[in-house]
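A.B. asks: Sharing a structure here in structure tokens format.
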Amino acid sequence: MNALSPGHHVIDVDGVPQKYEVRGVAGPVCLALTGGPGIDGGYFRLPSLEERMTMVYPTQVGTTGHSRLPSHPDGYTMEVYVRFVHAVVEHLGVPQVYVLGHSAGGFFAQGYALTHRDRLAGVILHSSMAHNTMELLAEATARLENLSVRFPGHPGLAMVRAAWDEPLPENPTDELRTARFRKLLPAYFKDYWGREEEFAAMTETVLVHNVNGLSFDHRGRLGEMRTPTLVIVGTHDFICSPRWAEEMIAELPDATLVELLDSGHYGHLEQPSEFTAAVAEFVTVTEKYRAESTTETA
């Protein structure tokens, strides 16, 4: 079976099955990396991009019973995530790919760009940031207050705040992580309660797996990312806020920033047309430049 044939595939990475799904008709190959870490990838399917590109959806290591490391729930380091991404890229057998990472998927995309730049045509960092230090938690806690400003007196506010403030045990179960995340989801959107019918399916189906080990800070190194990069951020994203997007843009040598004014953390769901247009334009411009560069050196 061709590695890019539409459908489901599985390869072996150090004895761990790595699944991926291929969707799309033609065009540049793009890997879509999901967030969390540990969030099931069902929320991150991009049918509009599948009309323009060959989309590859790897299953994030640790998010199924079969894909767990022997050390599970520990050992999920940046090096591990990068190794699994690279295994898929190598298996696909194309010289260069695009990598589109959402949230923590953007963490992995940065890690990959810093170690395997030659395999990348471009990077899209969607609702992401360059570190997961305690600064992230402090900023998110402060920005969470904006929810009560936007929705004063809403009965759902207390549930969101209680879920955020409740400490997790040292090794929470997948069920506990999932329940907590579902309670928090309204904070991740600009207007979850006003569009609840649209987003209810995600709330009802999203799964979060307990994985540990990711600690990173790419600040001070992003200048090494010479790959063309698109940074997409939602104005109302409380967890990966515009502050962090602007911080990345200031350091990245070849990057474009697109801010989705009516989105929080899930711009591909909140403003799908604008999100798709931003990615499509970035890829079109990048492909044109690559073609011109190839012609000049031929």
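Okay, so the sequence shown: first residue is 3 according to my numbering, each after it adds one.
No residue lacks a Cβ here, since even glycine has one placed at the ideal position from N, Cα and C.
Quick caveat: nothing in here was measured; it's all calculated off a predicted structure.
1) Could you check where the beta strand (DSSP E) with D176 kicks off and where it finishes?
2) Just mark E52 as buried or exposed, buried being the case when its beta carbon has 16 or more other beta carbons within 10 Å.
3) Across which residues does DSSP place E137 in a beta bridge pair?
4) First and last residue of the alpha helix (DSSP H) that includes E92?
5) Who are the near neighbours of P188 in its chain, counting only those whose CB is closer than 7 Å to its CB and skipping five residues on each side?
6) Alpha carbon to alpha carbon, what distance is there between T180 and A293?
7) Would N212 be called buried (16 or more neighbouring beta carbons within 10 Å of its own) or exposed?
8) What residues match up with P60 in a beta bridge as DSSP calls it?
9) Based on the DSSP secondary-structure assignment, which residues constitute the bridge partners of H68?
10) Quick check: Y78 and G64, are their CB atoms within less than 7 Å of each other?
11) Using the three-state DSSP reduction, which class does A5 fall into: helix, strand or coil?
12) Look at the alpha carbon of G236 and the alpha carbon of A106, and state the distance between them as a whole number of angstroms.
13) Express the C-alpha separation of T258 and K290 in angstroms, rounding to a whole number.
14) Can you give me the Cβ contacts of Q20 inside the same chain, cut-off strictly under 8 Å, excluding the 5 residues immediately before and after it?
15) Can you check the segment 102 to 162 for any alpha helix (DSSP H) of at least 4 residues that lies completely inside it and give the ranges in chain order?
16) Excluding the 5 residues preceding and the 5 following L263 in the sequence, name in chain order all residues of the same chain whose CB lies nearer than 6 Å to its CB.
17) For L35, name the three-state secondary structure that DSSP assigns.
18) For V15, list the residues DSSP reports as bridge partners.
19) Around the Cβ of T286, are there at least 16 other Cβ atoms within 10 angstroms (buried) or fewer (exposed)?
20) How should T175 be labelled, buried or exposed, when 16 other C-beta atoms within 10 angstroms of its C-beta is the threshold for buried?
21) Where A140 and S7 are concerned, what is the direct C-alpha to C-alpha distance, given to the nearest angstrom?
22) Which residue wins for smallest C-alpha separation from L71, given the options F109, G43 and V18?
23) Label E272 either buried or exposed according to how many other C-beta atoms from any shown protein chain fall within 10 Å of its C-beta, with 16 as the threshold for buried.
24) In whole angstroms, what separates the C-alpha of D167 from that of P97?
25) With a threshold of 16 other CB atoms inside 10 Å of the CB of R54, please say whether the residue is buried or exposed.
26) Alpha carbon to alpha carbon, what distance is there between P244 and V210?
27) Which residues in the same chain have their Cβ closer than 7 Å to the Cβ of E172, if we skip the five residues on either side of it in sequence?
28) Thinking just about the alpha-carbon of each residue, which of D76, G9, H220 and E199 is nearest to the one in T56?
29) Between the alpha carbons of H128 and L102, how many angstroms are there, rounded?
30) Tell me, which residues are paired with T1 by DSSP?
C.D. replies: The answer reads as follows:
1) Here D176 belongs to no beta strand (DSSP E); instead the alpha helix (DSSP H) covers D176 to Y190.
2) Within 10 angstroms of the beta-carbon of E52 lie 16 or more other beta-carbons, which makes it buried.
3) BP columns for E137 are empty, so no partner.
4) The continuous alpha helix (DSSP H) containing E92 extends over residues M80 to L94.
5) So the qualifying residues of the chain are G158, V162, Y194 and W195.
6) Cα-Cα distance, rounded: 45 Å.
7) When all chains shown are included, N212 counts as buried.
8) As a beta-bridge residue in DSSP terms, P60 pairs with Y22.
9) For H68, which the question treats as bridged, DSSP gives no partner whatsoever.
10) Yes, the Cβ-Cβ distance between Y78 and G64 is below 7 Å.
11) In this structure, A5 counts as coil in the three-state DSSP scheme.
12) Put simply, the backbone Cα of G236 is about 15 Å away from that of A106.
13) When rounded, the distance between both Cα atoms is 16 Å.
14) V12, I13, D14, P60, T61, V63, S69, F86, A89 and V90.
15) Residue ranges of uninterrupted alpha helix (DSSP H) with 4 or more members, entirely inside the segment 102 to 162 and ordered along the chain, are 106 to 117, 136 to 145 and 147 to 152.
16) Counting only Cβ-Cβ distances below 6 Å, and skipping sequence neighbours, we find T237.
17) Looking at L35 - three-state DSSP - the assignment turns out to be strand.
18) Its beta-bridge partners are V18.
19) T286 should be labelled exposed.
20) When all chains shown are included, T175 counts as exposed.
21) In a straight line, the C-alpha of A140 is about 44 Å away from that of S7.
22) By alpha-carbon distance to L71, the top candidate from F109, G43 and V18 is V18.
23) The C-beta of E272 has 16 or more other C-beta atoms within 10 Å across all chains shown, which makes the residue buried.
24) Distance between the alpha carbons of D167 and P97 is about 46 Å.
25) It is buried - the Cβ of R54 has at least 16 other Cβ atoms within 10 Å.
26) Rounded to whole angstroms, V210 and P244 show a C-alpha spacing of 25 Å.
27) Cβ neighbours of E172 beyond the five flanking positions: none.
28) With distances taken between Cα atoms, T56 lies closest to G9.
29) Using only the alpha carbons, I get a separation of about 7 Å.
30) Since the first residue shown for the chain is 3 and the last is 300, residue 1 is missing from the structure and cannot be characterised.
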